[in-house]
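The sequence shown maps to residues 3 to 211 in the numbering used here. No residue lacks a Cβ here, since even glycine has one placed at the ideal position from N, Cα and C. In what follows, a single structure is set out as structure tokens and then discussed.
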Amino acid sequence: MATAGPLDLFLDIANEEIVSSFTNQGAFTLPAWFHQNVKDIRATFLRLNTTGNFTAPYVKVPAAGLTFAAKLYTSAGTILASQTSWTINLTDANALDGTLNLNTAEMTTAFTNAATLSISAIIEFKMTEPSGGITTWQKTITIKRQYDVSGSPDASPTETYLTENQCLARFVQYTGNGNGASITLKSADGTHEVIISVNDDGTFHADVT
3 MATAGPLDLF LDIANEEIVS SFTNQGAFTL PAWFHQNVKD IRATFLRLNT
53 TGNFTAPYVK VPAAGLTFAA KLYTSAGTIL ASQTSWTINL TDANALDGTL
103 NLNTAEMTTA FTNAATLSIS AIIEFKMTEP SGGITTWQKT ITIKRQYDVS
153 GSPDASPTET YLTENQCLAR FVQYTGNGNG ASITLKSADG THEVIISVND
203 DGTFHADVT
């Protein structure tokens, strides 16, 4: 499923860092993604401000003429998702818009092989300038499993019946009916037994054989 809004990425070209914003040089931590998401991404490219006006640490780089690519892969080099088609944002000529589809067969295979609730992957962004200069940004990111299972997780109730031995195990043998009944307890191997009862004067009686 697509996200509610684009993920804004501010890409520092000089330091090859993903920063918090146009006015904040702090490092940006990518959130965890889900393996069935379609991520809308807006990439803005920044250069350090060297004009002497330090109201903002960066100046934006026009996106026209830039080539941009996003790639998600495992530490073993297996490509999980990629996107090379990006368009200039309609209201900001310094930003490129695109989507990265995580709902791929390769992603499903990665989770099947891992048999885990999450996997680690590397997200790589690469920008190529008209002059041929290349800048690369890489981050390790967590991809979480997303379940889409129909039906009820509860087992359907079925009738089951106890065996004769299971039924007998719930009772102890007694002798007599009504008044004067005694209870017989047997050892596991059946070689010994204890017969317990109550005498008429209220005392306890036990015979061991």
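Checklist entry - What residues match up with Val196 in a beta bridge as DSSP calls it? => result Along the sequence shown, read from residue 1 onward, the residue named residue 196 stands at position 194. Val196 pairs with Leu187, Val210.
Next on the checklist: Assuming Leu68 and Met109 are in contact, meaning their beta carbons sit under 8 Å apart, how far apart are those beta carbons, in whole angstroms?
Outcome noted: One-based indexing of the sequence shown puts residue 68 at position 66. One-based indexing of the sequence shown puts residue 109 at position 107. Not confirmed; about 27 Å, so no contact.
Checklist entry - Is Phe113 helix, strand or coil by DSSP? => result Position 111 of the sequence shown holds residue 113. In the three-state scheme derived from DSSP, where H, G and I count as helix and E and B as strand, Phe113 is classed as helix.
Checklist entry - What separation, rounded to the nearest whole angstrom, lies between the Cα atoms of Ala66 and Ile124? => result On the sequence shown, position 64 is the one that residue 66 refers to. On the sequence shown, position 122 is the one that residue 124 refers to. Approximately 27 Å between the Cα atoms of the pair.
Item to check | Three-pair Cβ contact test at 8 Å for the stretch 26–38 versus the stretch 90–100 | outcome: Contact between the stretch 26–38 and the stretch 90–100 is absent, because fewer than three Cβ pairs lie under 8 Å.
Item to check | Environment of Ile81 [buried if 16+ CB atoms lie within 10 Å] | outcome: Here residue 81 corresponds to residue number 79 of the sequence shown, with the count starting at 1. Taking a 10 Å sphere around the C-beta of Ile81, we find fewer than 16 other C-beta atoms and assign the residue as exposed.
Checklist entry - Does the distance from the CB of Ile43 to the CB of Thr137 come in under 8 Å? => result By 1-based counting over the sequence shown, the position of residue 43 is 41. By 1-based counting over the sequence shown, the position of residue 137 is 135. Contact: no.
Checklist entry - Grouping DSSP H, G and I as helix and E and B as strand, with all else coil, what is Gln38? => result The residue given as residue 38 occupies position 36 in the sequence shown. In this structure, DSSP gives Gln38 a state outside helix and strand, which the three-state scheme calls coil.
Next on the checklist: Can you give me the C-alpha to C-alpha distance between Ala29 and Ala45, rounded to a whole angstrom?
Outcome noted: For this step, residue 29 is matched to residue 27 along the sequence shown. For this step, residue 45 is matched to residue 43 along the sequence shown. The alpha-carbon separation between Ala29 and Ala45 amounts to approximately 15 Å.
Checklist entry - Just to confirm, are Lys41 and Leu98 a CB contact at a threshold of 8 Å? => result Locating residue 41 in the sequence shown gives position 39, counting from the first residue. Locating residue 98 in the sequence shown gives position 96, counting from the first residue. Not in contact: Lys41 and Leu98 (Cβ atoms no closer than 8 Å).
Checklist entry - Enumerated in chain order, which unbroken segments of the alpha helix (DSSP H) with a length of 4 residues or greater are wholly contained in the stretch 58–116? => result Runs of the alpha helix (DSSP H) inside the stretch 58–116: 107–116.
Checklist entry - In chain order, what residues of the same chain have a beta carbon less than 6 Å from the beta carbon of Tyr149, not counting five sequence neighbours either side? => result Residue numbering aside, residue 149 sits at position 147 when the sequence shown is read from its first letter. When the five nearest sequence neighbours on each side are left out, no beta carbon in the same chain lies closer than 6 Å to the beta carbon of Tyr149.
Checklist entry - At which residues does the beta strand (DSSP E) containing Leu11 begin and terminate? => result Start at 1 with the first residue of the sequence shown, and residue 11 comes out as number 9. From DSSP, the beta strand (DSSP E) with Leu11 extends over 9–14.
Item to check | Spatial distance of Asn201 from Ser189 (CA atoms) | outcome: Indexing the sequence shown from 1 puts residue 201 at position 199. Indexing the sequence shown from 1 puts residue 189 at position 187. Each residue's Cα considered, the two are about 24 Å apart.
Checklist entry - Where Gly7 and Thr86 are concerned, what is the direct C-alpha to C-alpha distance, given to the nearest angstrom? => result Translated into positions along the sequence shown, residue 7 becomes position 5. Translated into positions along the sequence shown, residue 86 becomes position 84. The alpha-carbon atoms of Gly7 and Thr86 are separated by roughly 20 Å.
Item to check | Enclosing beta strand (DSSP E) for Ala23 [first to last residue] | outcome: For the purposes of this step, residue 23 is taken as residue 21 along the sequence shown, with counting starting at 1. The displayed chain sequence assigns Ser, not Ala, to residue 23. Annotation for Ser23: the continuous beta strand (DSSP E) segment containing it runs 19–23.
Checklist entry - Can you tell me the Cα-Cα spacing of Ser77 and Thr160, whole angstroms? => result Against the sequence shown, residue 77 aligns to sequence position 75. Against the sequence shown, residue 160 aligns to sequence position 158. Between Ser77 and Thr160, the alpha-carbon positions lie close to 47 Å from each other.
Next on the checklist: Could you tell me the alpha carbon to alpha carbon distance between Ala107 and Thr144, rounded to whole angstroms?
Outcome noted: Your numbering for residue 107 matches position 105 in the sequence shown. Your numbering for residue 144 matches position 142 in the sequence shown. CA-to-CA, the gap between Ala107 and Thr144 works out to about 18 Å.
Item to check | Same chain, Cβ closer than 6 Å to Pro132, five either side skipped, listed in chain order | outcome: For the purposes of this step, residue 132 is taken as residue 130 along the sequence shown, with counting starting at 1. Cβ within range, chain order: Gly67.
Checklist entry - Just reading off the beta strand (DSSP E) that Thr53 is part of, what are its end residues? => result Here the question's residue 53 lines up with position 51 in the sequence shown. First-last for Thr53: undefined, no H or E at that position.
Checklist entry - Leaving out five residues before and five after Glu126 in sequence, what residues of the same chain have Cβ atoms less than 6 Å from its Cβ? => result Here residue 126 refers to the residue found at position 124 when the sequence shown is read from its first residue. These residues qualify, in order along the chain: Lys73, Gln140.
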